[in-house]
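Colleague:
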Amino acid sequence: MTQQIDYASQEAWLKAWRYAANVHAQQKFPGTDMPYLVHLGMVGMELLAAHAQEPIDGIGSAMQCAILHDAMEDQDVPHATLVAEFGLAVADGVAALSKSPTLPKADAMADSLARIRLQPKAIWCVKLADRISNLQAPPSYWSPEKISAYGKEGSLILDALGEANGYLAQRLAAKIAAYPS
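Everything in the sequence shown is counted per numbering that gives the first Met the number 0, starting at 0 for the first residue and increasing by one.
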């Protein structure tokens with residue numbers, strides 16, 4: 000049976016949604032003219048679908064993190080700002096989901112995955128849902144090498160975090176298998 004989602008969580012999600020709409024207002028979904036909010040909604044939908052199949056403990060915070068997960072990395076929103084707006088748990092979840100800009104690209108994902116693994120498993124689920132969402136058809140301007148590397152990175156994420164939720168792990172495995180290589 001699915002855990003009930005309380006009214007306070009829904010209100011927190013709406014607050015996060017409005018915040019994300021503002022900070023990502025000028026950002027587009029890569030390779031499209033769609034607003035970036037489309038991606039954030041897709042990640043949230045993956046989480047809610049997974050929660051309906053296999054309850055995610057901490058779904059309320061996970062949904063806030065799903066909506067806000069690119070605020071630090073893409074829009075340079077400071078951790079302290081997220082703490083003030085959404086609390087320490089959400090800010091720390093978003094920070095873990097954000098790749099460090101000071102690390103070489105080759106090391107940034109491994110570092111982020113290590114930090115995610117220190118968070119509650121609900122945050123692991125956000126990363127799984129994020130990669131599921133991102134494994135749509137790649138943008139036309141990506142090179143074959145980048146496409147291949149992105150698919151392989153999906154496998155790294157699955158190996159590191161898949162134990163958090165069987166449903167999301169199966170979804171990600173299927174997306175990886177169908178992704179061009």
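Glycine is no exception: its CB is placed at the ideal position from the N, C-alpha and C atoms.
What does DSSP give as the partner residue(s) for P34 in the beta ladder?
Modeller: Position 35 of the sequence shown, counting from 1, holds the residue named residue 34. Answer is K27, bridged to P34.
Colleague: Does DSSP put K151 in a helix, a strand or coil?
Modeller: Here the question's residue 151 lines up with position 152 in the sequence shown. The answer is helix: DSSP assigns K151 an H, G or I state.
Colleague: State the DSSP-derived secondary structure class of P143, mapped to helix, strand or coil.
Modeller: To locate residue 143, count along the sequence shown from 1; it is residue 144. Here P143 sits in helix by DSSP.
Colleague: Just verifying my parser: in three-state terms, what is the DSSP assignment at Y178?
Modeller: Mapped onto the sequence shown, residue 178 falls at position 179. Coil, per DSSP.
Colleague: Can you tell me the Cα-Cα spacing of P179 and G150, whole angstroms?
Modeller: In the sequence shown, the residue the question calls residue 179 occupies position 180. In the sequence shown, the residue the question calls residue 150 occupies position 151. When rounded, the distance between both Cα atoms is 8 Å.
Colleague: Rounded to whole angstroms, what's the CA-CA distance from L36 to G165? Just pull it up for me.
Modeller: Working through the sequence shown from its first residue, we reach residue 36 at position 37. Working through the sequence shown from its first residue, we reach residue 165 at position 166. Each residue's alpha carbon lies about 26 Å from the other.
Colleague: Considering Cα atoms alone, identify which of K14, M44, L127 is closest to A159.
Modeller: Mapped onto the sequence shown, residue 159 falls at position 160. Comparing Cα positions, the closest option is L127.
Colleague: If contacts are defined as beta-carbon pairs under 8 Å, then H78 and A95 qualify, I think. What distance do you get, rounded to the angstrom?
Modeller: As a working mapping, residue 78 is identified with position 79 in the sequence shown. As a working mapping, residue 95 is identified with position 96 in the sequence shown. Their Cβ separation, rounded to whole angstroms, is 11 Å, which puts H78 and A95 out of contact at 8 Å.
Colleague: Under 9 Å between the Cβ atoms of W12 and G59?
Modeller: Residue mapping note: residue 12 aligns to position 13 of the sequence shown, counting from 1. Residue mapping note: residue 59 aligns to position 60 of the sequence shown, counting from 1. Against a cut-off of 9 Å, the Cβ pair of G59 and W12 comes out as a contact.
Colleague: Quick one: Cα of M33 to Cα of L155, how far?
Modeller: In the sequence shown, counting from the first residue as 1, residue 33 sits at position 34. In the sequence shown, counting from the first residue as 1, residue 155 sits at position 156. The straight-line gap from Cα to Cα measures roughly 28 Å.
Colleague: Tell me whether the beta-carbon of G40 lies closer than 9 Å to the beta-carbon of P138.
Modeller: Residue numbering aside, residue 40 sits at position 41 when the sequence shown is read from its first letter. Residue numbering aside, residue 138 sits at position 139 when the sequence shown is read from its first letter. No, these two residues do not count as a Cβ contact at 9 Å.
Colleague: Output the distance between the C-alpha atoms of F85 and A173, rounded to the nearest integer angstrom.
Modeller: One-based indexing of the sequence shown puts residue 85 at position 86. One-based indexing of the sequence shown puts residue 173 at position 174. Distance between the alpha carbons of F85 and A173 is about 33 Å.
Colleague: Using only the alpha-carbon positions, how far apart do L47 and L102 sit?
Modeller: The residue you call residue 47 lines up with position 48 of the sequence shown. The residue you call residue 102 lines up with position 103 of the sequence shown. About 32 Å.
Colleague: Between A121 and A163, is the Cβ-Cβ spacing less than 9 Å?
Modeller: Here the question's residue 121 lines up with position 122 in the sequence shown. Here the question's residue 163 lines up with position 164 in the sequence shown. A contact, by the Cβ cut-off of 9 Å.
Colleague: Return the CA-CA distance between S99 and V125, expressed in angstroms with no decimal places.
Modeller: Counting from 1 along the sequence shown, the entry for residue 99 is found at position 100. Counting from 1 along the sequence shown, the entry for residue 125 is found at position 126. Roughly 17 Å between the two C-alpha positions.
Colleague: Based on Cα-Cα distance, which residue from E10, H23, H50, P54 lies nearest to L184?
Modeller: The requested residue 184 is not part of the displayed model; the chain covers only 0 to 180.
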